[in-house]
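Colleague: Quick one: structure below, then a few questions.
Residue numbers (the working numbering), protein chains in the order written: chain A, 659 to 814; chain B, 659 to 814.
Here's what the structure looks like:
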């Protein structure tokens with residue numbers, strides 16, 4: 659199974675980029691993992707928040723429709739434990755799905771339409787920037803595979 | 659007021675170290691902020707988990723007793739929102755406290771004795787490594803001050 663992290667706009671914080679690279683490297687031991695970045699035209703960033711989210715929705719939908727299973731990482735979603743995330747991934751693997759996509763919204767999050775269409779996973783009651791969430795997600799995905807494989811990382 | 663992040667052992671993941679440096683730099687605009695690292699002797703790391711936690715507790719207590727207000731960042735704690743954390747810090751500022759310490763445990767977390775002695779804050783139902791928590795905390799502390807000051811970062 660292929661796992662995709664779908665995100666909006668390039669990461670401009672170098673420590674986030676380095677952390678994502680580090681976990682991506684570690685993940686190759688367990689799964690096929692790819693990050694896809696949607697670039698939003700800079701002129702769109704001068705529009706209202708609602709218009710920016712609308713444009714992001716349009717572009718996200720084009721991608722999301724390609725994948726067998728999709729989750730949106732969204733602060734209003736259900737909070738999982740690391741073990742619950744591992745179980746969820748295991749059951750998707752067991753069901754023989756070909757692709758699993760986790761999507762992170764833009765600076766203002768997802769539209770309500772997208773939130774209704776796909777299941778939501780929340781990382782925390784704390785709000786994190788959409789860039790930090792990339793790093794948090796990659797650590798959790800790596801942790802999930804160490805749990806699935808019964809390896810050591812979980813308590814380190 | 660001085661804010662202290664108390665942690666166990668040096669960070670060996672460079673992206674965590676860089677991220678912490680980045681937020682530390684940004685925080686100087688708002689508050690006095692210092693990270694204190696307790697180094698645990700390597701021979702202790704060959705002992706049982708309980709013994710390691712006991713040694714960490716002993717060293718943590720020496721530091722924690724110095725501060726006016728202490729919170730432990732612990733996965734079994736109460737989950738705060740970013741706004742709740744900002745309100746909490748604001749009220750400690752308003753009370754005229756001189757020092758506020760947030761402590762992160764070692765690889766296996768805090769002893770039950772420490773958990774009973776101090777209030778706990780949880781970041782997430784997800785388990786993060788004690789190194790990742792440093793970065794998550796620094797972003798949240800920075801975010802809390804942007805909320806207190808009514809600045810822009812919160813939605814970025």
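We put the beta carbon where it would ideally sit given N, CA and C, even for glycine.
None of these values were measured; they are calculated from a predicted model.
Is the CB-CB distance between residue 778/A and residue 730/A below 8 Å?
Modeller: Within the first chain, residue 778/A is the residue found at index 120, counting from 1. Within the first chain, residue 730/A is the residue found at index 72, counting from 1. For residue 778/A and residue 730/A, yes; Cβs fall inside 8 Å.
Colleague: Please check the pair residue 721/B and residue 741/B, which I expect to be a contact at CB under 8 Å, by giving their CB distance rounded to whole angstroms.
Modeller: Walking along the second chain from the start, residue 721/B turns up at place 63. Walking along the second chain from the start, residue 741/B turns up at place 83. Actually they are not in contact, since the Cβ atoms of residue 721/B and residue 741/B sit about 29 Å apart, beyond 8 Å.
Colleague: For residue 744/A, report the span of its alpha helix (DSSP H) as first-last.
Modeller: Mapped onto the first chain, residue 744/A falls at position 86. Counting along the chain, the alpha helix (DSSP H) containing residue 744/A begins and ends at 740-752.
Colleague: Assign residue 814/B to one of two classes, buried (16 or more other C-beta atoms within 10 Å of its C-beta) or exposed (fewer than that).
Modeller: As a working note, residue 814/B is residue 156 in the second chain. A caution first: residue 814/B carries a pLDDT of 45, below 50, which makes its placement in the model too unreliable to give a value.
Colleague: Among residues of its own chain, excluding the 5 on either side of residue 736/B, which ones have a beta-carbon nearer than 7 Å to its beta-carbon?
Modeller: Numbered from 1 along the second chain, position 78 holds the residue referred to as residue 736/B. 778, 779 and 780, listed in sequence order.
Colleague: Per DSSP, what kind of secondary structure is residue 762/B in: helix, strand or coil?
Modeller: Stepping through the second chain from its first residue, residue 762/B is reached at position 104. It is a strand residue.
Colleague: Entirely within the stretch 665-697 of chain A and at least 3 residues each: give me those beta strand (DSSP E) ranges in chain order.
Modeller: You should have 690-696.
Colleague: Give a yes or no on whether 8 Å exceeds the smallest Cβ distance from residue 740/B to chain A.
Modeller: The residue labelled residue 740/B in the question sits at position 82 within the second chain. True, the Cβ-Cβ gap to chain A drops below 8 Å.
Colleague: What do you reckon, are the CB atoms on residue 759/B and residue 662/B nearer than 8 Å?
Modeller: Translated into positions along the second chain, residue 759/B becomes position 101. Translated into positions along the second chain, residue 662/B becomes position 4. Going by C-beta atoms, residue 759/B is nearer than 8 Å to residue 662/B.
Colleague: I want to know whether the stretch 703-717 of chain B touches the stretch 738-757 of chain B - three or more CB-CB distances under 8 Å.
Modeller: Short answer: they don't touch.
Colleague: Mind checking residue 665/A: buried by the 16 CB within 10 Å criterion, or exposed?
Modeller: The residue you call residue 665/A lines up with position 7 of the first chain. Under this definition residue 665/A is a buried residue.
Colleague: Please classify residue 707/B as buried or exposed, where buried requires at least 16 other C-beta atoms within 10 Å of its C-beta.
Modeller: Taking the second chain and counting its residues from 1, one reaches residue 707/B at position 49. So residue 707/B ends up on the exposed side.
Colleague: My understanding is that residue 799/A touches residue 678/A, with C-beta atoms under 8 Å, so please give their C-beta distance in whole angstroms.
Modeller: Translated into positions along the first chain, residue 799/A becomes position 141. Translated into positions along the first chain, residue 678/A becomes position 20. Actually they are not in contact, since the Cβ atoms of residue 799/A and residue 678/A sit about 10 Å apart, beyond 8 Å.
Colleague: By the 10 Å Cβ neighbour count, where 16 or more other Cβ atoms means buried, how is residue 734/B classified, buried or exposed?
Modeller: Along the second chain, read from residue 1 onward, the residue named residue 734/B stands at position 76. So residue 734/B counts as exposed.
Colleague: Just mark residue 767/A as buried or exposed, buried being the case when its beta carbon has 16 or more other beta carbons within 10 Å.
Modeller: Numbered from its first residue, the first chain carries residue 767/A at position 109. Counting Cβ neighbours within 10 Å, residue 767/A comes out buried, since at least 16 surround it.
Colleague: Which residue or residues does DSSP assign as beta-bridge partners of residue 728/B?
Modeller: Counting from one through the second chain, the residue named residue 728/B turns up at place 70. Its beta-bridge partners are 759/B.
Colleague: Tell me the rounded alpha-carbon separation between residue 685/B and residue 803/B.
Modeller: Here residue 685/B corresponds to residue number 27 of the second chain, with the count starting at 1. Here residue 803/B corresponds to residue number 145 of the second chain, with the count starting at 1. Cα to Cα, residue 685/B sits roughly 8 Å from residue 803/B.
Colleague: Please report how far the alpha carbon of residue 748/A lies from the alpha carbon of residue 755/B, in whole angstroms.
Modeller: Residue 748/A sits at position 90 when you count from the first residue of the first chain. Residue 755/B sits at position 97 when you count from the first residue of the second chain. Those two C-alpha atoms are separated by around 48 Å.
Colleague: Within a Cβ cutoff of 8 Å, which residues of the same chain sit near residue 881/A, ignoring the five residues on either side of it in sequence?
Modeller: In the structure as shown, chain A begins at 659 and stops at 814. Residue 881/A is therefore absent and cannot be evaluated.
Colleague: Rounded to the nearest angstrom, what separates residue 738/B and residue 757/A at their Cα positions?
Modeller: Within the second chain, residue 738/B is the residue found at index 80, counting from 1. Within the first chain, residue 757/A is the residue found at index 99, counting from 1. Going from the Cα of residue 738/B to the Cα of residue 757/A covers about 34 Å.
Colleague: Is the separation between the beta-carbon of residue 673/A and that of residue 680/B shorter than 8 Å?
Modeller: Numbered from its first residue, the first chain carries residue 673/A at position 15. Numbered from its first residue, the second chain carries residue 680/B at position 22. In contact: residue 673/A and residue 680/B (Cβ atoms closer than 8 Å).
Colleague: In the DSSP output, what is residue 737/B paired with across the bridge?
Modeller: Taking the first residue of the second chain as 1, we reach residue 737/B at position 79. According to DSSP, which records beta bridges pairwise, residue 737/B is partnered with 780/B.
Colleague: Using the beta-carbon count (16 or more within 10 Å), is residue 701/B buried or exposed?
Modeller: For the purposes of this step, residue 701/B is taken as residue 43 along the second chain, with counting starting at 1. Exposed, since its Cβ has fewer than 16 Cβ neighbours within 10 Å.
Colleague: According to the neighbour-count rule (16 or more other Cβ atoms, all chains shown, within 10 Å of its Cβ), is residue 687/A buried or exposed?
Modeller: Position 29 of the first chain holds residue 687/A. Residue 687/A comes out exposed.
Colleague: Using DSSP's beta-bridge definition, name the partner residues of residue 661/B.
Modeller: Indexing the second chain from 1 puts residue 661/B at position 3. According to DSSP, which records beta bridges pairwise, residue 661/B is partnered with 691/B and 758/B.
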